[in-house]
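Chemist:
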Ligand code: PMP
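In my numbering, the protein residues as written are 3 to 305.
1. Would you say residue 36 touches the ligand PMP, meaning its beta carbon is less than 7 angstroms from a heavy atom?
2. State yes or no: is the C-beta of residue 291 nearer than 7 angstroms to some heavy atom of the ligand PMP?
3. In the structure shown, what three-state DSSP assignment does residue 185 receive?
4. Between residue 205 and the ligand PMP, is there a pair consisting of the residue's CB and a ligand heavy atom that are separated by less than 7 angstroms?
5. Name the one or two DSSP bridge partners that residue 177 has.
6. Per DSSP, what are the beta-bridge partners of residue 207 in this structure?
7. What do you reckon, is the C-beta of residue 215 under 7 angstroms from a heavy atom of the ligand HEM?
8. Considering only residues of the same chain and omitting the five flanking positions on each side of residue 184, which have a CB-CB separation below 6 angstroms?
9. Please report the straight-line C-alpha distance between residue 175 and residue 139, rounded to a whole angstrom.
10. Mapping the DSSP letters down to three states, classify residue 287 as helix, strand or coil.
11. Could you please give the first and the last residue of the uninterrupted alpha helix (DSSP H) stretch that includes residue 250?
12. Strictly by DSSP, which residues pair up with residue 109?
13. Have a look at 130, 192, 281, 88 and flag the residue whose alpha-carbon is nearest the alpha-carbon of residue 226.
14. Quickly, what does DSSP pair residue 10 with across the bridge? List them, please.
15. Within a Cβ cutoff of 8 angstroms, which residues of the same chain sit near residue 157, ignoring the five residues on either side of it in sequence?
16. Quick one, which of 113, 121, 95, 99 has its alpha-carbon nearest residue 83's?
17. Under 7 angstroms: does the beta carbon of residue 220 sit that close to some heavy atom of the ligand PMP?
18. Using a Cβ-Cβ cutoff of less than 8 angstroms, which residues in the same chain neighbour residue 166 once the five nearest sequence positions on both sides are dropped?
19. Between which two residues does the beta strand (DSSP E) harbouring residue 201 extend?
20. Span of the alpha helix (DSSP H) holding residue 79?
21. Tell me whether the beta-carbon of residue 199 lies closer than 8 angstroms to the beta-carbon of residue 258.
22. Is residue 148 helix, strand or coil by DSSP?
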């Protein structure tokens, strides 16, 4: 497991700060109740030597939706959001290393939903420029929460407690990641990404109502699949369909398109002909080698 980096700077309280200044008070709801909403964004070096982040406005809009669900007043203008990412990228970018950004609204003031105030904090981490290797997946005994218990549509830190338990369970079973089922025993998503399966030449993924996050990457991949003439459907997926799927992948901004080598100990076709085509097309698009209308590249790091 890669250690969390401690970069020199972060963005907090409307300015770049030294990493060690990134502190929250023990009395605030962000600490006491884990109250925050966040986004993970990813940027890639482009062929013309610029660096660009994928679909920034989609992430901004989802952050706004998560805030609304949790009654966190959303006061961050889009320009402030993108400029915070821009400034931090300028301070931390390393040539030819990818970077991912975590933009979090931490609730710093207020109590039980009254007087709620949040602060935008941005952290960023360098990453190697690689295409992820196939992984062994398991099906967790932990369950995705429901829309009425802890809504999956809100991307909030507290939603990841179950994901953490699933990862711990997965480690004991030799799995890199785990798939969580919903209360009906159908596929929801994995701990930090969505799930695609292939059956008889078509790609399937569960809808958000099954307990999957409203994923920006799934939207991109659906559009890329259309361009590649690969049928793509959103519908409920049974547990046993994972066992008989021809191919499986985890997809998300940070997972990108990560193929599965096995599911609960059952080996999968290592070639994954359909999902590896989609994976290749995804990287071509985000790295600007073969642009696609579903991938909006926002240049950052240029001050
Ligand atoms: N589900 C969960 C629980 C996630 O954390 C993520 C990553 N944001 C995803 C799905 C994939 O969403 P996206 O494609 O928008 O990154």
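A virtual CB, placed ideally from N, CA and C, is assigned to each residue, including glycine.
Modeler: Concretely, from the data shown:
1. The sequence position of residue 36 within the chain shown is 34, counting from 1. No - the ligand PMP has no heavy atom lying nearer than 7 angstroms to the Cβ of residue 36.
2. In the chain shown, residue 291 corresponds to position 289, counting from 1. Not so, every heavy atom of the ligand PMP lies at least 7 angstroms from the Cβ.
3. Along the chain shown, one-based indexing puts residue 185 at 183. Looking at residue 185 - three-state DSSP - the assignment turns out to be coil, as it is neither helix nor strand.
4. As a first step, residue 205 must be located in the chain shown, where it is residue number 203. Not so, every heavy atom of the ligand PMP lies at least 7 angstroms from the Cβ.
5. Indexing the chain shown from 1 puts residue 177 at position 175. DSSP lists no partner for residue 177.
6. In the chain shown, counting from the first residue as 1, residue 207 sits at position 205. Paired residues: 236.
7. Looking for the ligand HEM in the displayed structure turns up nothing; the ligands present are the ligand PMP.
8. Translated into the one-based positions of the chain shown, residue 184 becomes position 182. Correct list, in chain order: 146, 190, 212, 213.
9. By one-based count along the chain shown, residue 175 stands at place 173. By one-based count along the chain shown, residue 139 stands at place 137. Distance between the alpha carbons of residue 175 and residue 139: 9 angstroms.
10. Taking the chain shown and counting its residues from 1, one reaches residue 287 at position 285. Helix.
11. Mapped onto the chain shown, residue 250 falls at position 248. Counting along the chain, residue 250 falls outside any alpha helix (DSSP H), though it belongs to the beta strand (DSSP E) covering 249–254.
12. Start at 1 with the first residue of the chain shown, and residue 109 comes out as number 107. 120.
13. Taking the first residue of the chain shown as position 1, residue 226 is located at position 224. The shortest Cα separation from residue 226 among 130, 192, 281, 88 belongs to 281.
14. Counting from 1 along the chain shown, the entry for residue 10 is found at position 8. Answer is none; residue 10 lacks a bridge partner.
15. Along the chain shown, one-based indexing puts residue 157 at 155. Once the five neighbours on either side are set aside, the close Cβ partners of residue 157 are 39, 40, 41, 64, 65, 68, 215.
16. Counting from one through the chain shown, the residue named residue 83 turns up at place 81. Closest by alpha carbon: 121.
17. Counted from its first residue, the chain shown places residue 220 at position 218. Within the cutoff, so yes.
18. Translated into positions along the chain shown, residue 166 becomes position 164. Around residue 166: 193.
19. In the chain shown, the residue the question calls residue 201 occupies position 199. Here the beta strand (DSSP E) through residue 201 covers 196–201.
20. Position 77 of the chain shown, counted from the start, is the residue given in the question as residue 79. Here residue 79 belongs to no alpha helix (DSSP H), and DSSP marks it neither H nor E.
21. Residue 199 sits at position 197 when you count from the first residue of the chain shown. Residue 258 sits at position 256 when you count from the first residue of the chain shown. Cβ atoms of residue 199 and residue 258: not closer than 8 angstroms.
22. Looking up residue 148 in the chain shown gives position 146. The answer is coil: DSSP assigns residue 148 none of H, G, I, E or B.
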